[in-house]
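Participant:
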Amino acid sequence: MDSKFQPALCEKEIYKLWQRDVLTKKSSEKPFTILMPPPNANASLHAGHGMYTVDDIMIRWKILQGYDAKWIPGLDHAGFETQYVFEKHLVKQGKSRMDFDRQTLYQNIFKFVKNNSGLIYEQFKRLGFLAQWDRSVFTLDNHVLKTVFQTFERMIKEGYVYRSDYIVNYCTHCGTSFSELETDHMERIDPLYYIKYGPFVLATVRPETKFGDTALAVNPKDKRYKKWVGKVIEADGLLGRFKIKVIADDYVDPKFGTGVVKITPAHDPNDFLIGKKHNLEIKQIIDMNGRLNQLTGPYAGLKVKIARQKVVEDLKAKGLIEKIDEQYSHAVTVCYKCSYDLEPIIVPNWFIKVEDLKKSVIEAIKKDEIIFHPKRFKKQILQWLKVMHDWPISRQVIWGIRIPAWYNVQENPDIFVVFLDETKKQMQGKIKEILKTYSLSEVALGLQKLVAPKNASYTISQTTPGDQYLQETDTFDTWFSSGQWSLVTLKEEEYQTRYPTDLLGTLSDILPFWVSRMVMFSLYIKKIVPFKHVFLWSMVADAKGKKMAKSKGNVINPIDLVNKYGADALRAALLFGSTAGGKVNLGEDKVIGMRNFTNKIWNIGRFIQINQVQSSKCKVQSHSEKIKVKKNSEKIKKIINNLLKEYKEVEEKYQRAMEGYNFSRALGLVHRFLWHRFADYYIEKLKDAMRDGNIEVQSLLEEVYLGNLKLLHPFMPFVTDAVWQVFKGKGKSILSSKIKVQSSKLQFQVKS
RNA sequence: GGCCGCUUAGCUCAGUUGGCUAGAGCGUCUGAUUUACAUUCAGUAGGUCGGGGGUUCAAAUCCCUCAGCGGCCACCA
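Once you know that position 78 of the first sequence is 660 in the numbering used here, the rest is easy, because the numbers rise by one and skip nothing.
1) Could you check what DSSP says for M1121 in three-state terms: helix, strand or coil?
2) What's the call for P579, buried or exposed, on a 16-neighbour Cβ count within 10 Å?
3) Using CA coordinates, which residue listed in F824, F1245, T791, V943 is at the minimum distance from P781?
4) So, with DSSP's three-state summary, where would you put H971?
5) Assuming W932 contacts D1056 (C-beta within less than 8 Å), just tell me the rounded distance between them.
6) Enumerate in chain order the residues of its own chain whose CB-to-CB distance from K1235 is below 7 Å, with the five nearest sequence positions on each side excluded.
7) Ignoring anything shorter than 4 residues or poking outside the region 773-843, list the alpha helix (DSSP H) runs there in chain order.
8) Strictly by DSSP, which residues pair up with A987?
9) Below 8 Å, how does it come out for the region 721-738 and the region 847-858: are there three or more Cβ pairs, yes or no?
10) When you compare only the Cα positions, how much space is there between K1036 and S759?
11) With which residues is T721 paired in a DSSP beta bridge?
12) State yes or no: is the C-beta of S1030 within less than 8 Å of the C-beta of V1000?
13) If you run the structure through DSSP and keep just helix, strand and coil, what is G1242?
14) Counting only runs of 3+ residues fully inside the region 1151-1188, write out the beta strand (DSSP E) ranges in chain order.
15) Starting from G1065, trace the beta strand (DSSP E) both ways and give me its first and last residue.
16) If you reduce the DSSP assignment to three classes, tell me which class E1376 lands in.
17) Hey, quick one: how far does the alpha helix (DSSP H) through L566 stretch, first residue to last?
18) Assuming W1096 and T664 are in contact, meaning their beta carbons sit under 8 Å apart, how far apart are those beta carbons, in whole angstroms?
19) Check for me: the alpha helix (DSSP H) holding T1079 runs from which residue to which?
20) Counting Cβ pairs closer than 8 Å, one from the region 650-668 and one from the region 1304-1315, do we hit at least three?
21) Cα separation between C753 and I1183?
22) Which stretch, first to last residue, makes up the alpha helix (DSSP H) that contains M640?
23) What is the rounded straight-line gap between the Cα of A1123 and the Cα of Y634?
24) Quick one: measure Cβ to Cβ for W988 and S1043, integer angstroms, because I've assumed they're closer than 8 Å.
25) Classify C920 as buried or exposed, calling it buried when 16 or more other Cβ atoms lie within 10 Å of its own Cβ.
26) Alpha helix (DSSP H) containing K1267: first to last residue?
27) Can you confirm whether the region 1134-1154 touches the region 603-619 when touching is taken to mean that 3 or more C-beta pairs between the two stretches lie within less than 8 Å?
28) Taking DSSP as the reference, what is the three-state secondary structure of V1305?
29) Give the C-beta separation of I952 and V1111 to the nearest angstrom, bearing in mind that I take them to be a contact with Cβ-Cβ under 8 Å.
30) Which residues does DSSP list as the beta-bridge partners of I749?
31) Looking at the secondary structure, which residues open and close the alpha helix (DSSP H) in which I953 lies?
32) Going by Cα to Cα distance, which pick from P620, L784, Q714, H628 is closest to K608?
33) V1116 by DSSP, collapsed to three states: which one?
34) Using CA coordinates, which residue listed in A899, P1296, S1068, T786 is at the minimum distance from K912?
35) Between the region 608-628 and the region 584-600, do at least 3 Cβ pairs fall closer than 8 Å?
36) Taking the straight line between their C-alpha atoms, what separation do you get for L774 and E908?
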């Protein structure tokens, strides 16, 4: 054995051994199953992925316990996220998504993803992950598309899907709408304008939306304005004199501003609700490209921010602004991806009614059919479920699963289409007009976008239902397909034996997006929860506890650390002293500390081995010497007994910790015992006996040591298997042994 | 505003259902070592366990309260 453990020299070979012996092993033992959260197909490994280690720990621990443990991997097409990356790529080449028709763009992204995919699996292998790589599922595989289609079709039949003109958060920069969950809120200081509205003055941060106002509202209890309620007032505006109705609603806070609010149902979520309640006209004045439309007269065509400046200038000029509060601090809803202001806008959307579906989810979680570790997340997810509204599932993104709805263009002449003609020129308009000049197949070929009125008739089909049809251009929210992850990853017969799966490891930030939806889909389709336990990984932060971000320049590439210190060191650093659902500070110092631990493990083995070799030489030379040292002194017996007692305690505590998902504690226990008790204390005490060739002491130390290797193996698989092979022969893995080496065997040795 | 969590050594954090002298990693200081391992070992300093009150034979741990910090959710025209 070398004096140092050198991971770079043996990791590859050891991984090959696992691939040959462990991953291919057929077993009839009790099943244990984990579904891997599918990383983005085009992603490469970042530090956060390191926490997949937890899943690998479970898999290895279960294999050691004799389970038929399988970890099913996969890759996600990650809809919008991937398209976003791809578009940045396009920008570098001086292009934009609008230069392509839908199909071509899709194919280009597909190629892009294919070129980058698979990389992360090679990186996972560097970390030692033992997943069933040959069973990888991609969320655009045919069988996934089929399942997603069937679920959607069934939901339509059973009335869980509806289309509606609904106010959604639309990012004019990213070109798609988002669910409420995909928005960020930012505190910001903006001017608050006090605008004259006939007899009133009202405060607003968005004067440019005044063209879309269809009412003014006051609080019903507000005495100041009581006499106006129900009346129609007249006021001067930028487009001349206009009339507007005054309504009363509790929503208005009389203490804010002047107690009068302008209601713009088309461009504010709250106003939209009030509009519905009071049957107000919805007057859309901002289009999906983020520009004001023809209803705004001279402002048409201006982008929102510029229009606001212009409107304010003109209002000032007309004396319609009473004052401006420049220091008004408020929360703004922004795109979680690009941080641009989101434009609340009315877009026809596909929705899932969640009211009934979520009931069974709440019930199952309340009944602990799924157990969260740590358990405080049970409350959190229940809180999320409580406020969960209907789920808008359409995204105006190309990369994804296209919604399988087809519109008959004869029945729906008002469908609005955007397409590239033969000369790649962008054309748009209502389909009935377009068809006067173009054939439908021309439109279909160059199609970029289609907006069907909310009451359009449609047919659900995987392929075209006829030659008069155009398919919906919206795609499913990526969580609509990844939410069905548990329904597409196992083989048909495995749903009998491996479902619900045993564990789902994930980060807490996708609990509402992913975990709750997976439970929902599984309960809907399979009538059973998809997994029994959910373990929340730690968020991997830098040494100082700051979140890693490219902009901060504190991003650590885990593969660099593996190259420098070995996979075991990284794995242990991620687990050591970390808390489930918390944060783990991954500094290089910590990894070095764990690298030192791997070396310690190695050298304990080396020491035991060296002494064995020496004493076996002794044996040949002098038979009588061996007899002389055979009897152990009382002192040595006592040390041995203490060692065994302590080891047994550690082993028990370890088992308990592992069963309770306290991985960090389990690792800490063995770390402390093996290093600071076994090596620093017991070996030092028994050193002379070993050197004297005391075979009993030698074999005892070997047994305890090998036992520890098993406990440590799930966390640090490479070094433990490297030493194991020294003792048990080349090509033997710990994983081929069982963890239940009871200490009774050891006690027997001592007594004899 | 609602919910959840955190506050323990210089730093980052453990501390299982209350129970030995409150721990680890990194850092500090002193020393050892022709060594299984300098990626080592022995030792040292450093804590009124955020403040206050309560329950108990016993509280870092349970309850109340105050203060500070963080996360999530909702919301502000």
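Ideal placement from N, C-alpha and C gives every residue a C-beta, glycine not left out.
Facilitator: In short, the structure shows the following:
1) Locating residue 1121 in the first sequence gives position 539, counting from the first residue. Looking at M1121 - three-state DSSP - the assignment turns out to be strand.
2) Only positions 583 to 1334 of the chain appear in the structure, and residue 579 is not among them; the question remains open.
3) In the first sequence, counting from the first residue as 1, residue 781 sits at position 199. Cα-wise, what sits closest to P781 is F824.
4) In the first sequence, counting from the first residue as 1, residue 971 sits at position 389. Reduced to three states, the DSSP call for H971 is coil.
5) Here residue 932 refers to the residue found at position 350 when the first sequence is read from its first residue. Here residue 1056 refers to the residue found at position 474 when the first sequence is read from its first residue. Yes, W932 and D1056 are in contact; Cβ-Cβ is about 7 Å, under 8 Å.
6) The residue labelled residue 1235 in the question sits at position 653 within the first sequence. Contacts found: L1251.
7) none
8) Translated into the one-based positions of the first sequence, residue 987 becomes position 405. Answer is I1042.
9) no
10) For this step, residue 1036 is matched to residue 454 along the first sequence. For this step, residue 759 is matched to residue 177 along the first sequence. Using only the alpha carbons, I get a separation of about 16 Å.
11) Looking up residue 721 in the first sequence gives position 139. BP columns for T721 are empty, so no partner.
12) Translated into the one-based positions of the first sequence, residue 1030 becomes position 448. Translated into the one-based positions of the first sequence, residue 1000 becomes position 418. Ser is not the amino acid found at residue 1030; the sequence shown has Gln there. Contact flag set, yes.
13) Counting from 1 along the first sequence, the entry for residue 1242 is found at position 660. G1242: coil per DSSP, three-state reduction.
14) 1165-1167
15) Residue 1065 sits at position 483 when you count from the first residue of the first sequence. Where G1065 is concerned, there is no enclosing beta strand (DSSP E), given that its DSSP letter is neither H nor E.
16) This structure gives no information on residue 1376, because the portion of the chain shown stretches from 583 to 1334.
17) The structure shown does not extend to residue 566, since the chain spans only 583 to 1334, so no value can be given for it.
18) Position 514 of the first sequence holds residue 1096. Position 82 of the first sequence holds residue 664. With 8 Å as the limit, W1096 and T664 do not qualify as a contact, their Cβ atoms being about 16 Å apart.
19) The residue given as residue 1079 occupies position 497 in the first sequence. T1079 -> alpha helix (DSSP H) spans 1076-1079.
20) no
21) For the purposes of this step, residue 753 is taken as residue 171 along the first sequence, with counting starting at 1. For the purposes of this step, residue 1183 is taken as residue 601 along the first sequence, with counting starting at 1. Those two C-alpha atoms are separated by around 54 Å.
22) In the first sequence, counting from the first residue as 1, residue 640 sits at position 58. Looking at the DSSP string, the run of the alpha helix (DSSP H) that includes M640 is 635-646.
23) Locating residue 1123 in the first sequence gives position 541, where the first residue counts as 1. Locating residue 634 in the first sequence gives position 52, where the first residue counts as 1. C-alpha separation (whole angstroms): 15 Å.
24) In the first sequence, residue 988 corresponds to position 406, counting from 1. In the first sequence, residue 1043 corresponds to position 461, counting from 1. Contact flag correct, Cβ pair sits at about 6 Å.
25) The residue given as residue 920 occupies position 338 in the first sequence. So C920 counts as exposed.
26) Residue mapping note: residue 1267 aligns to position 685 of the first sequence, counting from 1. Where K1267 is concerned, the enclosing alpha helix (DSSP H) stretches over 1266-1273.
27) no
28) Counted from its first residue, the first sequence places residue 1305 at position 723. Reduced to three states, the DSSP call for V1305 is helix.
29) One-based indexing of the first sequence puts residue 952 at position 370. One-based indexing of the first sequence puts residue 1111 at position 529. About 5 Å separates the two Cβ atoms, so the contact holds.
30) In the first sequence, counting from the first residue as 1, residue 749 sits at position 167. DSSP lists I928 as partners of I749.
31) Counting from one through the first sequence, the residue named residue 953 turns up at place 371. Element bounds for I953: not the alpha helix (DSSP H) but the beta strand (DSSP E), 953-955.
32) Locating residue 608 in the first sequence gives position 26, where the first residue counts as 1. Taking only the C-alpha atoms, the option nearest K608 is Q714.
33) Here residue 1116 corresponds to residue number 534 of the first sequence, with the count starting at 1. Note: V1116 maps to strand in three-state DSSP.
34) Translated into the one-based positions of the first sequence, residue 912 becomes position 330. Here residue 912 is His; the residue named in the question, Lys, does not match the sequence. Considering only alpha carbons, the answer is T786.
35) no
36) As a working note, residue 774 is residue 192 in the first sequence. As a working note, residue 908 is residue 326 in the first sequence. Taking the straight line joining both Cα atoms gives about 6 Å.
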